[in-house]
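J.: Supplied in structure tokens, the structure appears directly below.
Number of protein chains: 2
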Amino acid sequence: MKLRGTVLTMSFRPVLSEKYFTQTMDHFNFNSMGNRTFLQRYLITDKYWDKGHGPIFFYTGNEGDIWEFALNSGFILELANQQRALVVFAEHRYYGKSLPFGKDSFNIPQIGLLTVEQALADYSIMIRELKKELTATQCPVIVFGGSYGGMLSVYMRLKYPNVVAGALAASAPILSTAGLGDPRQFFRDVTADFESVSPKCRDAVREAFHQLKELAVEQEYGLIQSEFNLCKAPSSAQDIHQLFGLLRNAFTMMAMMDYPYPTHFMGNMPAYPVKVACETMLSGSNLLTNLKNTAGILYNSTGALMCFDLYSLYVECADPTGCGLGFDSMAWDYQACTEVNLCFESNNVTDMFPPMTFTGEERERYCLKRWSVVPRPDWFQVQFWGDALSTATNIIFSNGDLDPWANGGVRKTLSSSLIAINIPEGAHHLDLRGHNDADPMSVLSARKTEADIIAEWVKMERRRIQLSL
Amino acid sequence: MKLRGTVLTMSFRPVLSEKYFTQTMDHFNFNSMGNRTFLQRYLITDKYWDKGHGPIFFYTGNEGDIWEFALNSGFILELANQQRALVVFAEHRYYGKSLPFGKDSFNIPQIGLLTVEQALADYSIMIRELKKELTATQCPVIVFGGSYGGMLSVYMRLKYPNVVAGALAASAPILSTAGLGDPRQFFRDVTADFESVSPKCRDAVREAFHQLKELAVEQEYGLIQSEFNLCKAPSSAQDIHQLFGLLRNAFTMMAMMDYPYPTHFMGNMPAYPVKVACETMLSGSNLLTNLKNTAGILYNSTGALMCFDLYSLYVECADPTGCGLGFDSMAWDYQACTEVNLCFESNNVTDMFPPMTFTGEERERYCLKRWSVVPRPDWFQVQFWGDALSTATNIIFSNGDLDPWANGGVRKTLSSSLIAINIPEGAHHLDLRGHNDADPMSVLSARKTEADIIAEWVKMERRRIQLSL
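Going down the list, the protein sequences come from chains A and B.
Per this note's numbering, the very first residue in the first sequence carries number 1; after that it's consecutive.
Per this note's numbering, the very first residue in the second sequence carries number 470; after that it's consecutive.
Structural data, given as structure tokens:
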């Protein structure tokens with residue numbers, strides 16, 4: 001689910017200062033790194049803060065440059081303005097500029113310090129130290145996160161409720177990534193987004209993949225090259241597999257980013273990209289051309305690409321929903337090879353995509369070869385409780401119905417303080433984004449509910465702190 | 470607080486079978502040990518178990534051979550008999566026969582995989598796998614532990630409530646080991662035990678140490694050798710310091726093991742050793758002789774020692790309350806040098822012992838030299854919540870008023886499910902020991918309360934499991 005793209009200079013950028021925190025390299029082995037530290041980046045603003053008294057809103061950064069998430073999570077700053085909070089966006093180790101070993105971070109064994117547990121300990125230590133430094137030890141801390149960052153917010157509340165009083169976890173697929181649920185769910189739900197625009201759209205995509213498959217079977221590689229405007233003709237089953245992956249990924253990204261206005265979270269995306277994709281899929285009689293043009297919405301939004309290069313636009317990895325490109329994608333591939341279980345498949349029956357499996361065995365083979373690691377598919381169920389959440393409190397699980405990750409998360413309220421908020425017109429963590437005039441009512445209402453609950457958590461935590469003094 | 474001693478063949482030994490579990494070597498770094506495993510020992514009995522239905526009572530083993538704890542925790546088996554439970558005693562990694570690297574386990578960097586976090590993950594994984602293996606996936610699990618083992622039981626419930634439904638933590642000093650509280654508390658409370666037998670007893674001990682100190686200042690080493698029946702005359706301030714440590718340790722052990730009947734938990738101890746010590750301290754006019762004889766209660770219980778060897782009877786380490794001897798003591802020293810904060814001091818003002826400091830700086834210096842590690846004095850406050858326990862549930866904190874560890878633990882009930890049980894006549898986790906006719910009423914009553922609460926937890930957990938099916 002790694003997202004990459006252009007960082008836009010939005011109005012929040014000048015508000016946030018970029019700083020570095022001296023972080024322990026290995027929280028879980030006192031001998032491994034000789035007590036070494038690294039510099040962990042974070043962004044901070046006290047512009048809205050009621051100094052020493054207002055709450056702390058802490059974003060648990062995910063798989064990428066922290067600026068990307070900060071600039072696409074305007075809600076947190078708007079809420080900070082309302083509730084007079086200090087805001088911190090912390091960058092996840094091994095992403096962006098928070099590289100424990102610089103360029104060597106992605107070598108074996110240096111990569112081994114990239115785990116969820118280390119990231120959570122980083123955030124806990126950082127919060128404790130920043131609170132001391134800023135004379136804010138009595139200030140309640142609320143964590144925020146979207147997607148994998150939302151998972152981390154949940155885990156912070158599960159494992160460090162002494163540090164954080166509550167968590168807003170937007171689009172956090174804590175169940176599917178723990179190996180709970182149906183491996184067909186993800187691509188089925190991507191398909192459902194296109195089907196809901198029009199069943200014809202879904203049929204057109206499925207038929208286009210059929211036609212492509214037939215050309216591939218007949219080894220019509222030249223034709224495939226011209227139909228898809230590929231820089232180089234495919235010449236093997238592997239190339240075709242790569243093309244399938246690249247195309248499927250375009251649909252995945254459009255489903256996730258199906259926002260009601262143009263965004264720049266992952267390249268440039270038009271408003272309602274799924275609708276645009278369906279218009280494109282149904283725009284002419286040549287389905288293959290339509291498929292190519294639909295993929296172009298993602299891969300060639302500016303029209304600057306002269307041809308599609310199969311292996312540079314998309315990189316296959318241990319995450320069938322995409323790892324993105326660059327160093328960050330390597331780190332995410334490693335996480336998908338170790339703790340984060342993403343064995344999702346498409347099969348052309350419950351979804352519109354070509355059959356592409358990613359079984360536990362395939363994952364294990366790939367990961368052993370790529371990173372010399374054996375994945376632990378059940379680890380999250382033990383370490384982060386799986387669906388056994390009954391003892392947890394103060395977590396909001398928000399999900400948008402348009403988001404293919406939603407059904408891998410918690411969709412039903414579990415107790416008075418484990419609250420599911422579903423946003424019918426929402427895509428991937430739309431609620432974390434700043435206000436936009438095109439926002440549907442459902443997200444406005446979700447944000448209002450979230451704000452009220454968070455204010456209540458802060459109030460409760462203040463009372464608790466008062467009583468304990 | 471490491472305890473060592475003779476393992477007695479009690480009636481429970483034949484009940485327990487010794488087995489080995491294939492355990493992951495490093496839960497927190499997928500690249501460090503190339504996916505290697507080691508054999509972790511555990512003891513198990515299903516003699517009392519209502520198969521597939523009765524609860525699982527799981528002892529979270531502490532700093533020593535698991536047989537020692539199993540054979541001194543008869544209450545758990547008695548309770549299993551009552552409540553038809555499966556019983557497992559799991560050995561802590563790096564102790565007893567559970568050595569990840571065999572004899573090399575105590576080398577640097579191999580020792581680095583000895584952490585509380587690894588131990589907790591071991592227990593969680595072991596419970597999950599044993600439940601599968603024994604068709605017991607629906608059986609509620611309750612954890613038990615005494616002293617450091619009790620701390621682990623608490624942490625299991627804090628960090629893995631998905632795995633364990635409740636914890637009985639007997640004499641678990643979770644606050645003092647997190648650096649919370651007064652460093653003078655421990656030896657003050659040792660002193661109080663002797664004082665409560667008779668203030669004269671306390672005064673005699675203090676005066677004996679004064680006399681010894683004066684001899685040392687005058688370098689009367691020959692006299693000290695003869696008075697204390699040392700194998701070799703002391704010849705330096707270091708030797709005197711060692712003698713002080715050895716003597717203080719005898720009082721510590723007698724205070725901890727102040728049981729109403731003879732025990733063999735740490736060598737042979739008479740019934741009411743504190744009373745015996747005070748009788749000895751007040752038995753003749755030569756206080757130095759009395760002090761020597763009092764130390765002999767611990768070090769020479771059989772009378773077999775011809776002389777006291779300063780450096781073999783007691784080893785100074787990062788735990789001022791003693792690390793014991795042998796390999797286990799090395800492992801505990803390492804833990805006291807990393808996560809477990811035991812900066813306790815005696816000062817001859819708030820206690821009856823010679824002034825012996827163990828500050829954070831002294832600890833740091835020693836640990837860097839001995840193990841190449843820098844201790845993290847605040848780590849437990851972040852990682853295991855310190856005193857911020859308000860979100861936790863289903864933990865019994867039991868403590869005996871005679872136990873010098875008691876006031877480093879939780880002494881007051883914090884909520885309806887965080888229950889403190891205080892045992893006025895109890896020493897170190899007396900409640901975990903099997904029934905004895907000499908047991909005071911207070912421990913019988915504590916065990917009854919514990920049994921009732923645990924039965925209730927099991928019932929509640931059963932209901933929860935039923936609802937979630």
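By construction, the Cβ of each residue, glycine as well, lies at the ideal position given by its N, Cα and C atoms.
No experiment lies behind these values; they were computed from the predicted model shown.
The alpha helix (DSSP H) spanning Thr289(A) covers which residue range?
T.: Leu287 to Tyr299
J.: Rounded to whole angstroms, what is the Cα-Cα separation between Leu71(A) and Tyr94(A)?
T.: 20 Å
J.: Starting from Arg248(A), trace the alpha helix (DSSP H) in both directions and tell me its first and last residue.
T.: Ala237 to Met256
J.: I need the DSSP call for Ile596(B), collapsed to helix, strand or coil.
T.: The three-state reading of DSSP puts Ile596(B) in helix, counting H, G and I together.
J.: I need the DSSP call for Phe558(B), collapsed to helix, strand or coil.
T.: strand
J.: Using a Cβ cut-off of 7 Å, which residues of the region 369-398 of chain A contact any Cβ in chain B, in chain order?
T.: Ser372, Val373, Val374, Val382, Trp385, Gly386, Ala388, Ser390, Thr391 and Thr393
J.: Measuring only the C-alpha atoms, how far is Met625(B) from Ile596(B)?
T.: 11 Å
J.: In chain order, what residues of the same chain have a beta carbon less than 6 Å from the beta carbon of Glu664(B), not counting five sequence neighbours either side?
T.: Here the set comprises Arg671.
J.: Using a C-beta to C-beta distance shorter than 9 Å, which residues of chain B count as neighbours of Ser124(A)?
T.: Val851 and Gln852
J.: Could you name the residues of the region 66-95 of chain A whose beta carbon sits closer than 8 Å to any beta carbon of chain B, in the order they occur along the chain?
T.: none
J.: With a Cβ-Cβ cutoff of 8 Å, do Ala451(A) and Gln211(A) count as a contact?
T.: Using a Cβ distance threshold of 8 Å, Ala451(A) and Gln211(A) do not count as a contacting pair.
J.: Spell out whether any CB of chain B is found under 8 Å from the CB atom of Thr115(A).
T.: Residue-level contact check: Thr115(A) touches chain B, since one or more beta carbons of chain B fall below 8 Å from its beta carbon.
J.: Which chain A residues are close to Asn737(B), counting only those with a beta carbon under 7 Å from its beta carbon?
T.: Within chain A, no residue has its beta carbon less than 7 Å from that of Asn737(B); the closest one is some 36 Å off.
J.: Taking Gln238(A) as the reference, give the member of Lys47(A), Glu316(A) and Asp50(A) with the closest Cα.
T.: Glu316(A)
J.: How should Asn249(A) be labelled, buried or exposed, when 16 other C-beta atoms within 10 angstroms of its C-beta is the threshold for buried?
T.: buried
J.: Following the continuous beta strand (DSSP E) through Lys488(B), name the residue where it begins and the one where it ends.
T.: Ser486 to Thr493
J.: Whole angstroms is fine: what's the gap from Ser171(A)'s alpha carbon to Phe397(A)'s?
T.: 7 Å
J.: Closer than 7 Å by C-beta to Met479(B): which residues in its own chain qualify, once you throw out the five before and the five after it? Chain order, please.
T.: With a pLDDT of 46 at Met479(B), under the threshold of 50, the modelled position of this residue cannot be trusted; read the value that follows with caution. If we look at Met479(B) and ignore the five residues flanking it on each side, its Cβ neighbours are Leu540.
J.: How is Asn876(B) classed by DSSP in three states: helix, strand or coil?
T.: helix
J.: Tell me, to the nearest whole angstrom, how far the beta carbon of Phe380(A) is from that of Ala169(A); I am working on the premise that it is less than 8 Å.
T.: 14 Å between Cβ atoms; not a contact.
J.: Which word fits Gln185(A), buried or exposed, when buried means at least 16 other C-beta atoms lie within 10 angstroms of its C-beta?
T.: When all chains shown are included, Gln185(A) counts as buried.
J.: If distances are taken between C-alpha atoms only, which option among Arg433(A), Gly426(A), Met352(A) and Ala455(A) comes closest to Met441(A)?
T.: Gly426(A)
J.: Comparing C-alpha positions only, which one of Lys628(B), Asp573(B) and Phe538(B) sits nearest to Leu589(B)?
T.: Looking at the Cα atoms, Lys628(B) is the closest of the given residues.
J.: Taking the continuous alpha helix (DSSP H) assigned at Ala549(B), which residues delimit it?
T.: Gly543 to Gln552
J.: Any C-beta of chain A within less than 8 Å: which residues of the region 563-581 of chain B qualify?
T.: Ile577, Pro578, Ile580 and Gly581
J.: Looking at the structure shown, is Ser867(B) part of a helix, part of a strand, or coil, going by DSSP?
T.: strand
J.: Does DSSP put Asp921(B) in a helix, in a strand, or in coil?
T.: helix
J.: Is it the case that the Cβ atoms of Asp802(B) and Cys792(B) are separated by a distance below 8 Å?
T.: yes
J.: Between the Cα of Ile45(A) and those of Ala90(A), Ile465(A) and Leu469(A), spot the shortest distance and give me the residue it belongs to.
T.: According to the sequence provided, residue 45(A) is Thr. The question's Ile does not apply to it. Selected option, being the one with the closest Cα: Ala90(A).
J.: Let me make sure I understand the geometry here. Which of Tyr366(A), Phe106(A) and Thr115(A) has the alpha-carbon closest to that of Asn498(B)?
T.: Thr115(A)
J.: If you count every other CB in all the chains shown that lies within 10 Å of the CB of Tyr311(A), and 16 or more means buried, which is it?
T.: exposed
J.: Just to confirm my understanding: we take Phe384(A), look at its own chain, exclude 5 residues before and 5 after, and list those with CB closer than 6 Å. What are they?
T.: Tyr155
J.: In or out: Ile111(A) buried (at least 16 other Cβ within 10 Å) or exposed?
T.: Answer is buried; the Cβ neighbour count reaches 16.
J.: Please classify Pro893(B): is it buried, with 16 or more other beta-carbons within 10 angstroms of its beta-carbon, or exposed?
T.: exposed
J.: Using a Cβ-Cβ distance under 8 Å, would Asn31(A) count as near chain B?
T.: Chain B, which has a Cβ nearer than 8 Å to the Cβ of Asn31(A), makes this yes.
J.: Compute the beta-carbon to beta-carbon distance between Gly96(A) and Ile395(A), rounded to the nearest angstrom, for a pair I have assumed lies under 8 Å.
T.: Not quite, the Cβ-Cβ distance comes to about 26 Å (not below 8 Å), so this is no contact.
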